[in-house]
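Residues 1 to 228 in UniProt numbering are what the sequence shown spells out, letter by letter.
Ideal Cβ placement from N, Cα and C applies to all residues, glycine included.
Quick caveat, the model's predicted, so the values are computed rather than measured.
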Amino acid sequence: MVKSAPHEGAGKPRVAILISGRGSNMAALIKAAKVDGFPAEIAVVISNRADAGGLASAEAENVPTVTIESKPFGKDRAAFEARLQATLDDHRIDLICLGGFMRLFTAEFVQAWYGKMLNIHPSLLPSFPGLDPHAQALNAGVKVSGATVHFVTPETDAGPIVMQGVVEVRDDDTPQTLSARILEIEHQIYPEALRLLASGKLGLDGEICRLAGGAGVCGTLISPRPAG
Ligand code: GAR
Numbered sequence: 001m002v003k004s005a006p007h008e009g010a011g012k013p014r015v016a017i018l019i020s021g022r023g024s025n026m027a028a029l030i031k032a033a034k035v036d037g038f039p040a041e042i043a044v045v046i047s048n049r050a051d052a053g054g055l056a057s058a059e060a061e062n063v064p065t066v067t068i069e070s071k072p073f074g075k076d077r078a079a080f081e082a083r084l085q086a087t088l089d090d091h092r093i094d095l096i097c098l099g100g101f102m103r104l105f106t107a108e109f110v111q112a113w114y115g116k117m118l119n120i121h122p123s124l125l126p127s128f129p130g131l132d133p134h135a136q137a138l139n140a141g142v143k144v145s146g147a148t149v150h151f152v153t154p155e156t157d158a159g160p161i162v163m164q165g166v167v168e169v170r171d172d173d174t175p176q177t178l179s180a181r182i183l184e185i186e187h188q189i190y191p192e193a194l195r196l197l198a199s200g201k202l203g204l205d206g207e208i209c210r211l212a213g214g215a216g217v218c219g220t221l222i223s224p225r226p227a228g
């Protein structure tokens, strides 16, 4: 098993959060990292859109922000990533958390950050990757859904799974109500997944992510719960 090395330098690993929108996961990560003893420091928030709501929230928390508008780069992903990498270097970044970052990377960029870049997606991957995962879940009639934190690989919303959280799906759910319930879970599991990565407790066994020392058991969820 290859142990994920969070960083080479002294001190806590320095994290960049990449966003494109409101940044509620970003806010959850910033909040968690402010608590004494959290093993990582949020060093910068980078947005590929100047109008991302999360930028103001990060600034309000005194976290440095950088905007690199991706639109002018068009399909030239490598040029965008060169600017991004320069910003990551400037801020001496060890780990990346994607929080609703809606831009695909080249395989080269992903490879360079493999084992050090996390993403969160609002479904129980490998089910329902891509767009509209909540509508996908409702259309499939699944009885539980949730959120997944995973290492980023070149394939969208795929890669070794670090942590998942589950919610029941209700008969009267809409994409909005399901999304709101899943978002609460996202805000719980993303800081926990970053904590594990930053403290060197995650190992990659091929495509499988394992927890050093094994995982605790927290029960089962049956949905719908049979009456009686
Ligand atoms: C979150 O629900 C996140 O899981 C999702 O975008 C939303 C961003 O919200 N990510 C994806 O769908 C990735 N494929 P936020 O900006 O409030 O964190």
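Sorted by chain position, which residues of the same chain lie with C-beta nearer than 7 angstroms to residue i's C-beta, five sequence neighbours on each side aside?
{"i": "A32", "result": "F38 and P191"}
{"i": "S145", "result": "S123, L124, A137, V167, V169, L178 and I182"}
{"i": "G165", "result": "G146, A147, I185, Q188 and I189"}
{"i": "D173", "result": "L138"}
Using alpha carbons as the reference points, say which of the options lies closest to residue i.
{"i": "R49", "options": "I42, A40, D36 and V66", "result": "V66"}
{"i": "K34", "options": "A58, G53 and G54", "result": "A58"}
{"i": "L196", "options": "D132, K143, L118 and I93", "result": "L118"}
{"i": "S223", "options": "K143, D205, A78 and L202", "result": "K143"}
{"i": "R225", "options": "D205, G203, V162 and D171", "result": "D171"}
{"i": "A82", "options": "G54, P160 and A112", "result": "A112"}
{"i": "K12", "options": "G74, G115, I93 and N62", "result": "I93"}
{"i": "I46", "options": "G216, F80 and D36", "result": "F80"}
{"i": "G213", "options": "G203, G219, L221 and D51", "result": "G203"}
{"i": "D205", "options": "F151, L221, A227 and P72", "result": "F151"}
{"i": "L131", "options": "F101, L88 and D76", "result": "F101"}
{"i": "C97", "options": "N25, A86 and D89", "result": "N25"}
{"i": "E61", "options": "A27, P72, A86 and L88", "result": "A27"}
{"i": "Y114", "options": "G216, E207, A86 and L221", "result": "E207"}
Between residue i and residue j, which are expected to be in contact by the criterion C-beta below 8 angstroms, what is the C-beta distance as a whole number of angstroms?
{"i": "I42", "j": "I68", "result": "Their Cβ separation, rounded to whole angstroms, is 18 angstroms, which puts I42 and I68 out of contact at 8 angstroms."}
{"i": "A40", "j": "A198", "result": "4 angstroms"}
{"i": "V110", "j": "P154", "result": "5 angstroms"}
Please state whether the Cβ-Cβ distance between residue i and residue j is less than 8 angstroms.
{"i": "T156", "j": "P129", "result": "yes"}
{"i": "A140", "j": "P175", "result": "no"}
{"i": "S127", "j": "R103", "result": "no"}
{"i": "L194", "j": "V15", "result": "yes"}
{"i": "I30", "j": "V63", "result": "yes"}
{"i": "G99", "j": "G23", "result": "yes"}
{"i": "C209", "j": "V162", "result": "yes"}
{"i": "V44", "j": "H121", "result": "no"}
{"i": "G21", "j": "A52", "result": "yes"}
Under the DSSP definition of a beta bridge, which residues are partnered with residue i?
{"i": "L95", "result": "V15"}
{"i": "A147", "result": "G165"}
{"i": "L197", "result": "Answer by DSSP bridge pairing: none, since L197 is not bridged."}
{"i": "E45", "result": "This sequence places Val at residue 45; Glu is not what is there. Beta-bridge pairing links V45 to I17 and T65."}
{"i": "I120", "result": "V149"}
CB-CB under 6 angstroms to residue i, same chain, minus the five flanking residues each way: which ones, in chain order?
{"i": "L95", "result": "P13, V15 and K116"}
{"i": "residue 239", "result": "Only positions 1 to 228 of the chain appear in this structure, which leaves residue 239 out of reach."}
{"i": "P133", "result": "P122 and S123"}
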